[in-house]
Each structure stands twice: as C-alpha cells, then as structure tokens.
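Residue numbers (our numbering): 42 to 219. The beta-carbon is built from N, C-alpha and C at its ideal position, and this holds for glycine as well. Working notes for the structure below.
Encoded structure:
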C-alpha cells in the first residue's frame with residue numbers, strides 16, 4: 042500500500058513538472074515572436090538598406106505623368122499614398138484597432154489633392170486588364186473603405202491608358218473642376 046501511495050505521489054509530481062515544462066516552452070515560443078525595436082542589436086556601421094532605382098514601375102510612371110499633365114495648378118498628385126494617411130477614425134469607434142490594422146499596410150496608387158491645403162480630393166486606383174499584380178479582393182476592400190470615408194475614387198487601367206482628353210473627362214465626372 043505504501044508503494045502504491047509513493048508511486049501515485051511520483052506520478053502527480055511528474056505530471057505537474059511536465060505541465061510546467063510545456064507551459065514554459067509555450068511561453069518561450071510566444072516571446073520569440075516579439076521583435077526588439079530598440080536599436081541595441083543593430084550594427085549601425087553596416088546596414089543592409091539600399092536606395093531603389095525608382096518608386097514607380099514603368100506603367101505606374103506613365104499613369105502618373107498622364108494624370109499630372111491633365112491637372113491644372115490647383116491640384117497636385119501623389120503616388121503610393123498609405124490608405125491610413127487618408128483616413129481618420131473616431132476614438133470611440135467600435136473595434137477601432139481592428140479597423141486600423143486592416144488599413145495600415147495598404148496603399149492607394151495616386152491621390153489628387155488641392156494644391157492650397159493638400160486636402161485629398163480624389164483617389165486614382167490603378168488596375169490592369171492583363172492580370173497585374175493586385176488581387177481583386179484587396180482592391181474591393183480598398184474601394185469599400187474609400188466609399189465609407191466619403192473619398193471619391195476612379196479606376197485607371199494602366200495597361201491601356203486613356204488619351205488625355207478621355208482622362209480629363211473621367212476626372213471631371215469624378216468631381217474635379219478641371
């Protein structure tokens with residue numbers, strides 16, 4: 042009977058030890074996902090960053106030039122603007138952080154702003170009919186966000202750019218007074 046009791050105590054202690062070990066392992070794995078944002082580990086003398094040769098690919102650059110030439114001096118166009126930089130959200134919005142996280146890494150292709158105060162007036166979303174890099178679901182979400190924010194948008198097919206006059210008409214229909 043004493044041996045059975047000792048064996049039972051050893052089994053219970055072993056179970057507690059095993060559970061503690063597994064919890065420690067799980068905690069270590071969770072902690073490994075944390076990125077050290079301090080600069081303590083960075084070798085500031087040999088950083089791997091390099092300047093890109095350009096910020097727009099050839100199609101995007103052609104679209105940027107076309108839009109820039111169509112606008113008068115009351116407007117300026119900016120390429121590759123973070124969607125989060127165009128939006129605001131009330132501090133008491135339900136699930137605020139979740140909604141902010143959904144837009145923080147997204148960008149829009151071009152934003153046309155008032156030259157006076159840089160108020161965003163129109164977003165131009167570049168699409169491509171030849172199977173470009175973007176996913177339709179991502180574009181659909183971005184367009185829905187713009188609609189919810191009350192920010193007008195138009196879509197520009199960068200694989201088949203319109204003529205200058207056609208673009209001007211499109212921008213007028215979207216609300217620009219050009």
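Integer Cβ distance of residue i from residue j, believed to fall under 8 angstroms
i, j, result
"residue 105", "residue 120", "5 angstroms"
"residue 111", "residue 179", "Between residue 179 and residue 111 the Cβ distance is about 26 angstroms, and since that is not below 8 angstroms, they are no contact."
"residue 149", "residue 166", "6 angstroms"
"residue 124", "residue 144", "5 angstroms"
"residue 95", "residue 118", "Incorrect: roughly 17 angstroms between the Cβ atoms, too far for contact."
Cβ shell of residue i (< 6 angstroms), same chain only, five flanking positions each side left out
i, result
"residue 83", "none"
"residue 100", "199"
"residue 126", "none"
"residue 128", "190"
"residue 197", "104, 165 and 167"
Enclosing beta strand (DSSP E) for residue i [first to last residue]
i, result
"residue 122", "116-123"
Continuous alpha helix (DSSP H) stretch holding residue i: start and end
i, result
"residue 108", "99-111"
"residue 197", "No alpha helix (DSSP H) contains residue 197, which is instead part of the beta strand (DSSP E) from 194-198."
"residue 205", "205-214"
Sequence-distant residues of its chain with Cβ nearer than 8 angstroms to residue i (five each side left out)
i, result
"residue 113", "219"
"residue 224", "Residue 224 lies beyond the stretch modelled for the chain, which goes from 42 to 219, so this question has no answer here."
"residue 193", "162, 163, 164, 187, 215 and 216"
| Could you give the uninterrupted runs of the beta strand (DSSP E) lying entirely in the region 133-180, keeping only those of 3 residues or more? | Whole beta strand (DSSP E) segments, 3+ residues: 148-155 and 161-168.
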